[in-house]
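Asker: In this note's numbering, the protein residues as written are -15 to 45.
Glycine residues also receive a C-beta, built at the ideal position from the N, C-alpha and C atoms.
The structure is given below, and queries will be raised subsequently.
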Amino acid sequence: MTRKLICQKCNKDTAVELCFDEDIDSQVYNCEHCGGRHVEVETGQLPGAPGVSRFRLDEDE
Ligand SMILES: [Zn+2]
């Protein structure tokens, strides 16, 4: 599954390939430009609301 997101490190549009990281039990992607790693964060999702994934930059490398 590919989608476009804005990298939180270099602020460029990047096509992301989400993959599941079992160690942290979350989806992750790497920016195609700077390689910045992003981790999906849980959102307080309301019933009936469309699922929105939010990501944060993972700087612990
Ligand atoms: Zn980037």
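Taking the straight line between their C-alpha atoms, what separation do you get for N(-5) and L41?
Answerer: Looking at the two C-alpha atoms, the distance is approximately 11 Å.
Asker: So I(-10) is in the beta strand (DSSP E); what residue range does that whole segment cover?
Answerer: Unbroken beta strand (DSSP E) run through I(-10): -14 to -10.
Asker: Please say whether S10 and V0 have beta carbons closer to each other than 7 Å?
Answerer: No; because the gap between Cβ atoms is not below 7 Å, this pair is not in contact.
Asker: Going by other Cβ atoms of all chains shown within 10 Å of its Cβ, with 16 needed for buried, is T(-14) buried or exposed?
Answerer: Exposed: under 16 other Cβ atoms inside 10 Å.
Asker: I need the DSSP call for S10, collapsed to helix, strand or coil.
Answerer: Three-state result, S10: strand.
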